[in-house]
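A short write-up of the structure that comes next.
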Amino acid sequence: MAQLVIRDLEVSVEGESGSLEILRGVDLTVNSGEVHAIMGPNGSGKSTLAYSIAGHPKYSVIGGSVTLDGVDVLEMSVDERAKAGLFLAMQYPVEVPGVSVANFLRAAATALRGEAPKVRTWVGEVKEAMSRLSIDPAFSERSVNEGFSGGEKKRLEILQMKVLRPKIAILDETDSGLDIDALRIVSDGVNRVKGEQNLGIMLITHYTRILRYIKPDYVHVFAGGKIVEEGGPELADRLEEKGYAQYAKA
Amino acid sequence: MSSALPTEYLTPTGREEAWRFTPLKRIAGLHDPAVSVVDRISIELFGKARAGFDISTAKASELPARSITTDAIVQRLRSEVTEVLHLKIDNEAVVSEPILLKRNAGGSGEFSRTVITAGAHSKASVIVENTGDGIIGEEIEIRVEAGASLTFITLQEWGQNAVHMGRHHAIVGRDANFRSITVTIGGSLVRLLPTVEYSDQGSAAELWGIYFATDGQHLEHRVFIDHGIPRAKSRVNYKGVLAGDGARTVWIGDVFIRHNAEGTDTYELNKNLLLSDGARADSVPNLEIETGEIVGAGHASTTGRFDDEQLFYLMSRGISMNEARRLVIRGFFTEIVDKIGDEVIQERLMTQIDSQLEKLGA
Ligand SMILES: Nc1ncnc2c1ncn2[C@@H]1O[C@H](COP(=O)(O)OP(=O)(O)OP(=O)(O)O)[C@@H](O)[C@H]1O
Ligand SMILES: [Mg+2]
C-alpha cells in the first residue's frame, strides 16, 4: 500500500510581474488502488499541482507538505521522486530531439530498477506494451515525442507508466486530444496497470467521458488554486450539467 | 622557400576579419614565414589497396591547386609544399566500404597538400582520421567530377596539444553530389575552412559538422559556399557543444550567390549548446546575394543552454541529471553523427564526448 498525502500545499510561480501564488492550500490523499478525479476550470492550478508534486523547477513551494508513505517528497530531486514511485503523465509531453523512444525507455527503466533490464525480456516487454496501446513498433526508433500527434504523445505517456511501474500516477489531461477509439485503448491501458500494480491515480480532466472508462472513487472540484468540493462519481455528472460557475471566486 | 607575396600580407596580425577570432599566439608559427615548417605527408591509407581507387604522390607542380584562396596559411603552404598526395577514385567506380585515411602526427609543424579526385560517375566515401598532437597546416582539394557522389568525412580526434589549420575545398562538377561531415572534438586549436565552389550546373553540396569544445579548446569552422554557377544547391548544418571554462568555438557561414547563379537553393544552420558560463560561442551566418532569381536562400543560428523542460521530462522518469544531460547532448549530435554511417566510429565519437563530459563533472 502506498499513500500520497498533500497537505495545505501552497505554490507560487515566478511570472513577469513578480511572484504569483497559484496553489492556495491543497489537501488531498491518494491511496493505492484509488482513482481521484480532479476537475476544474482552465487556469485553476491543476497542472501546477501535478508539476509541483513531480518537482518542476519553475514552481516554488511556499507552504504545506507532500509525503509518500510518510517520506517528504518535496525534499527529493525530480528523479528521486520517480524512484520513490511517483509518475506524471504530462498535459504537454516534451519533445526530446535525437533521443529515441527505445533508448529513453531503457534509460528510465535502468534508472528506476537499479540495473539495466535483461535485453531478452525487455524487448518483449516493450513490444507487448506498445501493441496493447496500439503504438506502431516503428515509434521505438523515433525521437521522443518529436513530431508526434497529440494523441500519440498521450499514448507514449501511458506506455511509460506501464513500463516504469509507479505506485501513484498523476494523469494530467491524458484524455485531451484522444479520439474515441484511442480513449478506450488508453483507458484500458490505465486500468490494466491499475489492476496489475494496484496503482493509485490522480486523474485530471475536463470531461466525464474518460470517467466512464476509468471509474473514479472520488471527484474533487478544483478552483482558484484549491479543492473546493469533493464527492463521489455523481459529482462529475453534476459538474457536466452545471459547469463551474457556482465555484467562481467572489 | 620563396614566395611571390610580400611577407606583410602573409603574416596575419589578428586584426584581419578572417583572423580576428583566432588566437595567433597558439598557431605555433604556421602563419609566420620566419618559423620554418616541414613539408611532409603524414596521411596514410589504412588497410589494403582495393579496386576502384589509387593513392599516389605527385610533384606539387604537376598537381597545382585549382582554386583561389585568400587564406595566408594555405597560400604559404602552397608555396612550400613540394609533393602532393593524390587519392584518385576511378571513373564510374562504386567503392562500397569507406576509404579510410589515417594521420597520426606529432612533434614539429608540418605542411601538406592532398588532392582527392572523385572520377566521373563514381560513388565513394572517404574518411580522414586525425589523431596525435600534430601541428598541421593542410589543404585538401576535393574534385568531384561530373555525376560523381562523394562523402568526405574528417575526424579531428586530436590530442590536447594539436594545432590544425586546414582548408577542405570542394569543387563540385555537373550533377555531382558532395557531402562532407566534419567532426572536431580534439585539439588545442583547430581552424578549418570547409569551402565549396561549383564548376557546373545541377551540382549539390551538403556540409554537416559537429564540434565539441572543452576547457581551453579553440575550435573554429569557417564555411564558405561560393555559388558562381546557376542551379546549384547547398545545405549546411553545424552543431556545437561547449563545456568548461574557456571553451571557445567560432562558426562562420559565408554564402555568396553571384549575379549569374540564378536558381540557387541554399540553407545554412548553426546551433550551439553552451554548458558553462565561461564558454563562448561565436556564430556568424552571412548571406550575400547578387541575384534575385533564386529558389531559396536562408540561414539560422541559435546559441542556447540546456532546455530545462527536456531535462525535467527525462528526470521525471527517474533518469539522473547527469544521465539526462548526456542523453540530450547525444541527441543533439545524433542527427549529424548518424550520417557517418559507420556504427563503430559513431559510438567511438559519442563515447569520447561522454568521457570528456564526465571529466568535467557536467
Ligand atoms: N510560468 C508561469 N508564469 C506565469 N503564470 C503561470 C506560469 N505557470 C502557470 N501560470 C499560471 O498559473 C495558473 C494555473 O495554471 P495551470 O496550468 O496550473 O492551470 P490548469 O488548471 O492546469 O489549466 P488547464 O485546465 O487549462 O490545463 C494559470 O493562470 C497560469 O497562467
Ligand atoms: Mg493543465
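Heads up: the sequence lines are chains D and L, in that order. Take 398 as the starting number for the first sequence in my numbering and just add one per residue. Take 1164 as the starting number for the second sequence in my numbering and just add one per residue. For each residue, glycine too, the CB sits at the ideal point set by N, CA and C. If you're wondering where the values come from, they're calculated on a predicted model, not measured in any experiment.
Residue state for alanine 1283/L is assigned as coil, using DSSP reduced to three classes.
In the DSSP assignment, threonine 1412/L falls outside any alpha helix (DSSP H) and within the unbroken beta strand (DSSP E) covering 1411-1420. If the five residues before and after valine 1244/L are omitted, its C-beta is found closer than 6 Å to the C-beta atoms of Asp1202, Ala1223, Phe1274, Arg1276, all from its own chain and listed in chain order. Relative to ligand 1, isoleucine 419/D has its C-beta within less than 7 Å of a heavy atom. Of the candidates Asn1267/L, Val1289/L, Gln1364/L, Asn1267/L places its Cα closest to the Cα of glutamate 1320/L. Residues of the same chain with a CB within less than 6 Å of the CB of valine 475/D, apart from the 5 flanking positions on each side, are Gly452 in chain order. Only residues of its own chain outside the window of five on either side were considered, and among them Leu1432 have a CB closer than 6 Å to the CB of alanine 1463/L, listed in chain order.
From the listed residues Ala1410/L, Gly1177/L, Leu1450/L, Ser1312/L, the smallest Cα separation to serine 1259/L is found for Ser1312/L. Looking at the DSSP output, glutamine 400/D bridges to Asn428/D. Taken in chain order, the members of the stretch 505-538 of chain D whose beta-carbon sits within less than 8 Å of a beta-carbon on chain L are Ala505, Ala508, Leu509. For glycine 592/D, the enclosing alpha helix (DSSP H) has its first and last residue at 577-594. If you check each beta-carbon in the stretch 1390-1403 of chain L against every beta-carbon of chain D, none falls closer than 9 Å.
DSSP lists Val1289/L, Ser1343/L as the bridge partner or partners of phenylalanine 1315/L. Aspartate 1517/L does not reach chain D, its nearest Cβ partner there being about 13 Å away, counting only Cβ pairs nearer than 7 Å.
A distance criterion of 7 Å places the beta-carbon of lysine 1402/L beyond contact range of ligand 2, judged by its closest non-hydrogen atom. For ligand 1, a non-hydrogen atom lies closer than 7 Å to the CB of serine 444/D. Between isoleucine 1373/L and valine 1500/L, the C-beta spacing is below 8 Å.
In the DSSP secondary-structure assignment, threonine 464/D is bridged to Val402/D, Asp469/D.
Taking 7 Å as the cut-off, the C-beta of aspartate 569/D counts as close to a heavy atom of ligand 2. Put simply, the backbone Cα of leucine 561/D is about 13 Å away from that of valine 587/D. When distances are taken from the beta-carbon of glutamine 488/D to the heavy atoms of ligand 1, the shortest one is below 7 Å. Per DSSP, the continuous beta strand (DSSP E) segment holding valine 1447/L begins and ends at 1443-1452.
A distance below 8 Å separates the beta carbons of isoleucine 1204/L and leucine 1248/L. By a beta-carbon distance limit of 8 Å, serine 1288/L does not contact valine 1326/L. Their separation comes to about 27 Å. Not flagged as an interface residue toward chain D: phenylalanine 1387/L, since no C-beta distance is shorter than 8 Å. Residues are counted here when their Cβ sits less than 8 Å from a Cβ of chain D; for the stretch 1490-1521 of chain L these are Leu1490, Val1491, Arg1493, Gly1494, Phe1495, Phe1496, Thr1497, Glu1498, given in chain order. If you look at tryptophan 519/D, you'll find it in the alpha helix (DSSP H) that goes 516-529. In the DSSP assignment, glutamate 1383/L falls within the beta strand (DSSP E) that extends over 1381-1390.
Secondary structure at methionine 487/D: coil, using DSSP grouped into helix, strand and coil.
Within the stretch 608-643 of chain D, the runs of alpha helix (DSSP H) at least 4 residues long that lie entirely inside it are, in chain order, 631-639.
In the three-state reduction of the DSSP assignment, tryptophan 1371/L falls in the strand class. Fully enclosed beta strand (DSSP E) runs of no fewer than 3 residues occupy 1246-1252, 1262-1268 of the stretch 1235-1275 of chain L, in order along the chain. For the pair glutamate 549/D and glycine 1322/L, the Cα-to-Cα distance works out to about 45 Å. Among the residues of chain D, those whose CB is under 7 Å from the CB of arginine 1480/L are Ala479, Ala505, Gln557, Leu561, following chain order. No Cβ of chain L is located within less than 8 Å of the beta carbon of valine 587/D. Scanning its chain for C-beta atoms nearer than 6 Å, with the 5 sequence neighbours on each side dropped, one finds around serine 416/D the residues Ser409, in chain order.
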